Amino acid sequence: MRKTTLRFSALLLVSLTLFLVLSDQQREPRTIEDVVEVFRQAHMIPGAVVAYGVSGSEPTIAAFGVSDPLRNTPMSPDQPFRLASVTKVIAAKAILNAEGQNEIDLDTPIAEQIDLPSPRDPRSLSITPRHLLAHRGGMDSKLSYDPLFAPDRLGLDRSASCAVIARTAWEKMMLDHAPGTNTAYSNVGFCLLSGFLITDHRADLSPILQDVADVRIEGPVTPNWKHNGTSWIRVQNDAEAEGWLSGLGIAGGAIANAEAVWSFVSAHEPDRGIEAPLAGETDFYALGWHVWTHPEGYHLTHWGGLEGIFTVVVRFADGVAIVMLFNASPADRPSAFNYLHQQLLRLNSLKT
Numbered sequence: 002m003r004k005t006t007l008r009f010s011a012l013l014l015v016s017l018t019l020f021l022v023l024s025d026q027q028r029e030p031r032t033i034e035d036v037v038e039v040f041r042q043a044h045m046i047p048g049a050v051v052a053y054g055v056s057g058s059e060p061t062i063a064a065f066g067v068s069d070p071l072r073n074t075p076m077s078p079d080q081p082f083r084l085a086s087v088t089k090v091i092a093a094k095a096i097l098n099a100e101g102q103n104e105i106d107l108d109t110p111i112a113e114q115i116d117l118p119s120p121r122d123p124r125s126l127s128i129t130p131r132h133l134l135a136h137r138g139g140m141d142s143k144l145s146y147d148p149l150f151a152p153d154r155l156g157l158d159r160s161a162s163c164a165v166i167a168r169t170a171w172e173k174m175m176l177d178h179a180p181g182t183n184t185a186y187s188n189v190g191f192c193l194l195s196g197f198l199i200t201d202h203r204a205d206l207s208p209i210l211q212d213v214a215d216v217r218i219e220g221p222v223t224p225n226w227k228h229n230g231t232s233w234i235r236v237q238n239d240a241e242a243e244g245w246l247s248g249l250g251i252a253g254g255a256i257a258n259a260e261a262v263w264s265f266v267s268a269h270e271p272d273r274g275i276e277a278p279l280a281g282e283t284d285f286y287a288l289g290w291h292v293w294t295h296p297e298g299y300h301l302t303h304w305g306g307l308e309g310i311f312t313v314v315v316r317f318a319d320g321v322a323i324v325m326l327f328n329a330s331p332a333d334r335p336s337a338f339n340y341l342h343q344q345l346l347r348l349n350s351l352k353t
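Residue numbers (our numbering): 2 to 353.
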């Protein structure tokens, strides 16, 4: 009788524990830090840093997990991360600054403003900087391919920079759409803007980007990881990979810590100069950002992802800015971003 009672009690305890665990997993995260921790654990990401706060205030910065899962090294709040495509919003600001100094006209074809070879597709001659900042330049990797990740198809190798690949694609590839007619996120299209920032007189991209944010293209960086099912493997850490990542340039080559990225994002004015390509659009790209229309105004997002790298930035219309930097990548990055975006929207709508 005593054994039966003990077994029943043990079974009850296990059932209660399982119920509590499952209930906790199903509970919606209550804070931004909850969102990061739930996401990190769900996607087996060893570490992360988040910075958040209202524009004009000091941000809250929190570190999670470890920077090195093999050595169990705690993550530090000031760790520098590779930003991947979040670099684009910083480069876009540099482009807009040049426009403000009358060095660039956003609505004049790029071929009339920078030195380019003759294009393979005559329609390329009508591509403007505004098209490229809105991913409406006519390149669509879903219909053709992304030469940034397949430079060999253009006769280039992995050492070719973003700027070189873009010029070669201009010279050798047909467009997938007429410029200005379709939105299709394009790395190589954005890389065409390199010609406005990198010239014979300004070959180093770092100081150009540093004019708008505390970032760099080369230097120490938080290790990046992936899990193979049994153990952690460090990725993107040999000389070839580091050279390729730096070569992503304005499309994805920047390095910074969360506070530096937050300072840049929080200072951005969501409504300044942003126009939907088509009347009535509520979800579109403009001036380097993914723009979402809400009753209180525009809010801006961008995310970046490569093997071992995942980054997210959000700037709400009410001034709240959020930066999330992870040292590993979820398998399905678009869905991962959508989850984080929806959670942040929910939390932003609940605040008093």
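Note that the Cβ used here is the ideal one computed from N, Cα and C, for glycine as well.
Here the structure is a predicted model, which means the values were calculated and not measured.
Which first and last residues belong to the alpha helix (DSSP H) in which residue i is found?
i: K94; result: T88 to G101
i: E132; result: A small fix is needed here, since residue 132 is His in this sequence, not Glu. Element bounds for H132: P130 to L134.
i: F150; result: F150 -> no alpha helix (DSSP H), and no H or E assigned at all.
i: A112; result: Element bounds for A112: n/a, residue is neither H nor E.
i: F191; result: N188 to C192
i: F40; result: I33 to A43
i: F265; result: A259 to A268
i: F197; result: S195 to L198
i: A240; result: A240 to G248
Can you tell me whether DSSP reads residue i as helix, strand or coil?
i: L144; result: coil
i: V213; result: coil
i: T169; result: helix
i: N401; result: Since the displayed the chain opens at 2 and closes at 353, residue 401 lies outside it and no answer follows.
i: H178; result: coil
i: R334; result: helix
i: G57; result: coil
i: R347; result: helix
i: S24; result: The predicted model places S24 with a pLDDT of 48, which falls under 50 and marks its position as unreliable; any figure quoted below should be read in that light. Helix, per DSSP.
i: D122; result: coil
i: I234; result: strand
i: A64; result: strand
i: A164; result: helix
i: I323; result: strand
i: A252; result: helix
i: P75; result: strand
i: A280; result: coil
Could you tell me which of the options sits nearest to residue i, measuring between CA atoms?
i: K94; options: N328, A332, G274 and Y340; result: G274
i: M76; options: D35, T109, N225 and T129; result: N225
i: W304; options: V313, K143, E297 and G254; result: V313
i: E172; options: P123, F197 and T74; result: P123
i: D69; options: A170, P221, L301 and W233; result: W233
i: P278; options: A240, E308 and L133; result: L133
i: Q102; options: D205, F197, F285 and Y286; result: F197
i: P271; options: D212, E297, D215 and G253; result: E297
i: N328; options: E59, V39 and F65; result: F65
i: F265; options: E38, E29, G57 and R28; result: G57
i: I62; options: L326, S350, A332 and F338; result: L326
i: A92; options: R28, P148, E29 and D212; result: D212
i: I209; options: A99, L351, R31 and D333; result: A99
i: G139; options: S125, P148 and P152; result: S125
i: A332; options: D116, W245, G230 and V321; result: G230
i: N121; options: P30, L176 and A185; result: Sequence check: residue 121 is Arg here, not Asn. Residue L176 is the option with its Cα nearest to R121.
i: E276; options: D116, I218 and H300; result: H300
Kindly give me the distance between the Cβ atoms of residue i and residue j, rounded to whole angstroms, as I take these residues to be in contact under 8 Å.
i: R154; j: Y146; result: 7 Å
i: G48; j: V67; result: 5 Å
i: G306; j: A85; result: 6 Å
i: S142; j: S187; result: 7 Å
i: A318; j: H295; result: 7 Å
i: R159; j: E241; result: 7 Å
Considering only the beta carbon of each residue, do residue i and residue j sit closer than 8 Å?
i: N258; j: F82; result: yes
i: Y199; j: K89; result: With the sequence shown as reference, residue 199 is identified as Ile, and Tyr is not the correct amino acid for it. Contact: no.
i: I33; j: V55; result: no
i: T223; j: Q42; result: no
i: I323; j: L345; result: yes
i: P180; j: S119; result: no
i: I105; j: P130; result: yes
i: H291; j: M45; result: no
i: A161; j: V189; result: no
i: A214; j: A261; result: yes
i: P60; j: W293; result: no
i: A164; j: S195; result: yes
i: Y340; j: F40; result: yes
i: E308; j: S336; result: no
Which stretch, first to last residue, makes up the beta strand (DSSP E) that contains residue i?
i: Y299; result: G298 to L307
i: A287; result: D284 to A287
i: A185; result: No beta strand (DSSP E) contains A185, which DSSP labels as neither H nor E.
i: R1; result: Residue 1 lies beyond the residue range present for the chain, which begins at 2 and ends at 353; the question has no answer from this structure.
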